[in-house]
């Protein structure tokens, strides 16, 4: 599969190196949209997964409406841990992201850290092509809790 | 040995529209699913009860989203009319 949902391997290592800061006043994280089957700009197709190390323009969709190359900036939900009295899951999340008046066909997305050399965080697989035509394209993030949040460490 | 069971990535969903913004139904659905998470593994009686509650929240949200949009349009109409753009105000009022 050309786009496979994953927490990027490099990101796991970079967590230990203190590369990524998810605090609300920390690094800037962005989300870029990707197409498969030559749907990206310049007829390129995306290959994203656990091995992705940084943002790439290969397979990224073209600018349309409020979507500009490189994607949109994510609003962070500050990291939290569910409980301090027992083994618990730490998590962080983002607010929903919308692109308006946009004509988009995307199969997945890449979350990356634009503050630190565009290093990859996670690949999101939409399972099928999602489209908008001169409309709104919204990525709804899961509830920010230990069971659902976008990034969880157990 | 310290064994850290790292890393899960949650699931996102995509909501999209053609020739305009998201509908009241779509926004209400986004709110209800984010506010009330129902586990696939929940026992059936609990799941059914949670789904019923989620439906009520969805319907209530839909009503107030519609009301908010209607009231905002009314405010926009008033400002546009004050600016002397009566035809435009009428067109917005008919939305």
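Residue numbers (the working numbering), protein chains in the order written: chain A, 1 to 154; chain B, 155 to 249. Here a beta-carbon is modelled for each residue, glycine too, at the ideal position from N, C-alpha and C.
Note on geometry: alpha-carbon atoms of residue 20 of chain A and residue 27 of chain A lie some 7 Å from one another.
Taking 9 Å as the threshold, the shortest C-beta distance from residue 135 of chain A to chain B falls below it.
Residues of the segment 135 to 151 of chain A whose Cβ lies closer than 8 Å to any Cβ of chain B, in chain order: 135, 136, 137, 138, 139, 140, 141, 142, 143, 145, 147, 148, 149, 150 and 151.
Any Cβ of chain A closer than 9 Å to the Cβ of residue 178 of chain B would place that residue at the interface, and such an atom is absent.
Scanning its chain for C-beta atoms nearer than 8 Å, with the 5 sequence neighbours on each side dropped, one finds around residue 67 of chain A the residues 33, 61, 99, 102, 104 and 137, in chain order. Neighbours of residue 7 of chain A in chain B, taken as residues whose beta carbon is under 8 Å from its own, are 160, 161, 162 and 163 in chain order. Setting aside the 5 residues that flank it on each side, residue 177 of chain B is surrounded in the same chain by 171, each with a C-beta closer than 8 Å to its C-beta; the list follows chain order. Contact with chain B is absent for residue 30 of chain A, since none of that chain's Cβ atoms lies less than 9 Å from the residue's Cβ. Sorting B:189, B:167, B:217 and B:207 by C-alpha distance to the C-alpha of residue 131 of chain A places B:167 at the top. Listed as beta-bridge partners of residue 123 of chain A by DSSP are A:6 and A:110. Closest in C-alpha terms to residue 185 of chain B, from the list B:208, B:173 and B:203, comes B:208. The C-beta of residue 189 of chain B comes closer than 9 Å to at least one C-beta of chain A. Within the DSSP secondary-structure output, residue 36 of chain A pairs in no beta bridge.
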